[in-house]
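In the order they appear, the protein sequences are chains A and B. So the first sequence is residues 413 to 848, counted in our numbering. So the second sequence is residues 3 to 98, counted in our numbering. First up is the structure itself, then whatever we jot down about it.
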Amino acid sequence: MALEQAGVPSVAVHTHVFARLAQSTARAAGMPRTRQCFVPQPVVDVSAETLRGYIEGTDPVSKKPFMQGIVEGLTKPLDDEDLKGLSFERSTPRLLAPASEDDLQRLFIENNWTDFMPVILPTEERVAAMLKGTSHPPDKVVGRMRPTNFREAWELTVEKVAVNAVMAGCKPEYLPVVLAHAASNISARSSSTTSLAMNTVVNGPIRNEIGMSSGIGAMGPYNHANVTIGRAYNLLSINGQGGSVPGDTYMGTLGNAYNYSATFAEAEERSPWQPFHVQQGFKPTDSTVSIFFGGRYTSSGFGPRDTWKEKFVRCITAGDHNQPPLIVMDPLVARLFVELGFDTKEKLSAWCAENAVMPAREYWDDQWVQTLTLPLAVAGVEPHASKLKAPPDQLVPLYEPHEISIVVVGGETQGAFRMIGGRYTKAATVSVDAWR
Amino acid sequence: MPELLTVHDPRGYPPKVTGKRLAARPDSLNGKNLYLVDCLFDNSEVFMDQLQRWFATHLPAVNTKVIKPRESWVDDPEMRAKIEADGDAAILGVGL
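Below you can see the structure in the form of structure tokens.
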């Protein structure tokens, strides 16, 4: 669209399953008449001959020859509608029209405002009570969210976050933690075809103040604060960004169960290592939320047993090649790693980065490494450029040490660990104290 | 008669949409520079190669050039500047 504005006639080509998404994105960008042509899905993993067939075939959306659409899109004179563009004000009301509880529950489901579980209806009284959980005014802007970086960002106020916290079943004292999630500007409901989800970790005194769990079942539905905060993050992402609707604002082909709720506290008091937020430069007395991006894979194990090294390497290399792991482990496991000489998380992350290797040809034969990493390698950005130069059978590391995160959690009923797809970036740790 | 409840709308606030005009179209692509923008999605390079071959066969008077941004899904001002400088039209894909 930037090219059109600069005076260069353009046509965008998409696969047909993205027709609704592409058209609604163009409308929201104020250019609803953007010329778009469509080829069948998939483009990935098909031969040049198949792609040539798409080009010489019919656009599955317009039902016209694909190349006719391309040539007409670039040369057909514009009409009045094209020249006008489309400006419009959109808004959402503060309150909905009064209705019965049954009708409102139905309305929320029909409008895709929920996770399809019953919600607590956000009455004025409940939202007012929730707002007592923070000192910030209701109209203060907390953050902006969007389902993907080529769509427009919507704005979330303290009141809108409180509304979604009520819907999720939160208590007012949880609100600062929910607000910190919103302030991350990271949506828990990306529209990615890869079915992304976020795992979030709470550190610092707030964990105990609001009764979060870092013990038995902390990562499952066994603690009110953990579950409702994680659910609130997902609901505020759905509603704060203007939707997470299949075929329009959500394209995850498989979906992801972490999208219900995936928030837990680190077992700081029982961990032999620094808490995660202290690793990121916060003080132990600070309260924070850290967001781990991905959630596409989960592997598990127990130990560390004699062959833990082989197991760790298998787990890390079995996951996506471009989604480093968030390693969660019970305190029993963490203490045994200390006995093995890993007296800091950083040492274990460094060992994982050094030893989780695979042949270069396998590393590069990955859709997302091809799409996201290869262009950087070609541009000479390290460490990707060196991996690209490696002969096909040379072993290359998947990740850098700082990309592999470790969080201690669990009830010490079992020496269990898991590796979950969870890319972490520094900006993804947000202060909870700023939202008290 | 069930009790009527007044509840909040849970949605955030969308930005105002400002209309943008499309660029004027040329009468024909003959003799024009047409950039084929490979958006770097896996296999889009092969798609753009096939598209370039199609033009070479069916509309050989069109001067096609394949160009790539530096990264996937990240605006590349340098690439855009190049297209704006000597491009008459562009096809972008396959981005989604």
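No residue lacks a Cβ here, since even glycine has one placed at the ideal position from N, Cα and C. Note that the coordinates shown come from a computational prediction; the quantities given were computed from them, not determined experimentally.
Glu758 (chain A) bridges to which residues according to DSSP? Counting from 1 along the first sequence, the entry for residue 758 (chain A) is found at position 346. Paired residue(s): none; Glu758 (chain A) is not in a bridge.
Find the nearest neighbour of Val614 (chain A) within the set A:His814, A:Val740, A:Ser702, A:Tyr586, judged by alpha-carbon distance. Here residue 614 (chain A) refers to the residue found at position 202 when the first sequence is read from its first residue. Out of A:His814, A:Val740, A:Ser702, A:Tyr586, A:Ser702 has the C-alpha closest to the C-alpha of Val614 (chain A).
Around the Cβ of Thr665 (chain A), are there at least 16 other Cβ atoms within 10 angstroms (buried) or fewer (exposed)? Position 253 of the first sequence, counted from the start, is the residue given in the question as residue 665 (chain A). Burial call: exposed.
Considering just the uninterrupted stretch of the alpha helix (DSSP H) at Pro771 (chain A), what are its terminal residues? Counted from its first residue, the first sequence places residue 771 (chain A) at position 359. No alpha helix (DSSP H) contains Pro771 (chain A), which is instead part of the beta strand (DSSP E) from 769–771.
Kindly indicate which residue of A:Asn524, A:Ala746, A:Ala580 has the alpha-carbon position closest to the one of Tyr645 (chain A). In the first sequence, counting from the first residue as 1, residue 645 (chain A) sits at position 233. With distances taken between Cα atoms, Tyr645 (chain A) lies closest to A:Ala580.
Decide yes or no for the touch test of the region 703–712 of chain A against the region 827–835 of chain A: beta carbon pairs closer than 8 Å, at least 3 of them. Cβ pair count under 8 Å is three or more, so yes.
Span of the alpha helix (DSSP H), counted from its first residue to its last, around Pro617 (chain A): The residue labelled residue 617 (chain A) in the question sits at position 205 within the first sequence. Pro617 (chain A) -> no alpha helix (DSSP H), and no H or E assigned at all.
So that I know if they touch, is there some Cβ in chain B lying closer than 8 Å to that of Trp776 (chain A)? Numbered from 1 along the first sequence, position 364 holds the residue referred to as residue 776 (chain A). Answer no: the Cβ-Cβ gap between Trp776 (chain A) and chain B never drops below 8 Å.
Host alpha helix (DSSP H) of Met50 (chain B) (start-end): As a first step, residue 50 (chain B) is located in the second sequence; it is residue number 48 there, counting from the start. Met50 (chain B) -> alpha helix (DSSP H) spans 46–60.
N-terminal and C-terminal residue of the alpha helix (DSSP H) that Glu571 (chain A) is part of: One-based indexing of the first sequence puts residue 571 (chain A) at position 159. Membership of Glu571 (chain A) in the alpha helix (DSSP H) is indicated by the continuous run 570–580.
Mind listing which residues of the region 629–654 of chain A have their C-beta closer than 9 Å to chain B's C-betas, in chain order? Leu647, Leu648, Ile650, Asn651, Gly652, Gln653, Gly654
So which residues of chain A does Lys22 (chain B) contact, with C-beta pairs closer than 8 Å? Here the question's residue 22 (chain B) lines up with position 20 in the second sequence. The contacting residues are Met413, Glu416, Gln417, Ala441, Gly442, Met443, Gly497.
Is it true that the CB of Arg538 (chain A) sits closer than 8 Å to the CB of Val589 (chain A)? The residue you call residue 589 (chain A) lines up with position 177 of the first sequence. The residue you call residue 538 (chain A) lines up with position 126 of the first sequence. Pairing Val589 (chain A) with Arg538 (chain A) gives a Cβ-Cβ distance that is not under 8 Å.
Express the C-alpha separation of Phe43 (chain B) and Lys475 (chain A) in angstroms, rounding to a whole number. Mapped onto the first sequence, residue 475 (chain A) falls at position 63. Mapped onto the second sequence, residue 43 (chain B) falls at position 41. Looking at the two C-alpha atoms, the distance is approximately 25 Å.
Identity of the residues DSSP links to Asp40 (chain B) by a beta bridge: Position 38 of the second sequence, counted from the start, is the residue given in the question as residue 40 (chain B). Note: Asp40 (chain B) sits in a beta bridge opposite B:Gly95.
Which residue wins for smallest C-alpha separation from Arg741 (chain A), given the options A:Gly707, A:Ser626, A:Pro658, A:Gln782? Within the first sequence, numbered from 1, the residue matching residue 741 (chain A) stands at position 329. The displayed chain sequence assigns Met, not Arg, to residue 741 (chain A). The candidate whose alpha carbon is nearest that of Met741 (chain A) is A:Ser626.
Count the CB pairs spanning the region 38–57 of chain B and the region 456–466 of chain A that are closer than 8 Å, and state whether there are at least three. yes
What is the C-beta distance between Met557 (chain A) and Gly652 (chain A), in whole angstroms, given that I count them as a contact (C-beta under 8 Å)? As a first step, residue 557 (chain A) is located in the first sequence; it is residue number 145 there, counting from the start. As a first step, residue 652 (chain A) is located in the first sequence; it is residue number 240 there, counting from the start. Yes, Met557 (chain A) and Gly652 (chain A) are in contact; Cβ-Cβ is about 5 Å, under 8 Å.
Can you pull the chain A neighbours of Asp88 (chain B), defined as C-beta to C-beta under 8 Å? In the second sequence, counting from the first residue as 1, residue 88 (chain B) sits at position 86. By Cβ distance, chain A contributes nothing, its closest Cβ being about 10 Å from Asp88 (chain B), past 8 Å.
Suppose the cutoff is 8 Å on Cβ atoms and the five residues either side in sequence are ignored; what does the same chain contact list for Asp90 (chain B) look like? One-based indexing of the second sequence puts residue 90 (chain B) at position 88. Here Asp90 (chain B) has Pro28, Leu31, Lys34, Asn35, Leu36 as same chain residues with Cβ atoms under 8 Å from its own Cβ, once five neighbours each way along the sequence are excluded.
Comparing the C-beta of Thr606 (chain A) with each C-beta of chain B, is any distance below 8 Å? Here residue 606 (chain A) refers to the residue found at position 194 when the first sequence is read from its first residue. It does not: the Cβ of Thr606 (chain A) has no partner Cβ on chain B nearer than 8 Å.
Comparing the C-beta of Phe528 (chain A) with each C-beta of chain B, is any distance below 8 Å? Here residue 528 (chain A) is taken as the residue at index 116 of the first sequence, counted from 1. Output row for Phe528 (chain A): interface = no.
Distance, Cα to Cα, Gly655 (chain A) vs Val473 (chain A)? Your numbering for residue 655 (chain A) matches position 243 in the first sequence. Your numbering for residue 473 (chain A) matches position 61 in the first sequence. Their backbone Cα atoms lie some 24 Å apart in a straight line.
Below 8 Å on the Cβ atoms is my contact criterion, and I expect Thr700 (chain A) with Thr841 (chain A) to pass it. Report the Cβ-Cβ distance as a whole number of Å. Here residue 700 (chain A) refers to the residue found at position 288 of the first sequence. Here residue 841 (chain A) refers to the residue found at position 429 of the first sequence. The pair is a contact, with the Cβ atoms about 5 Å apart (cut-off 8 Å).
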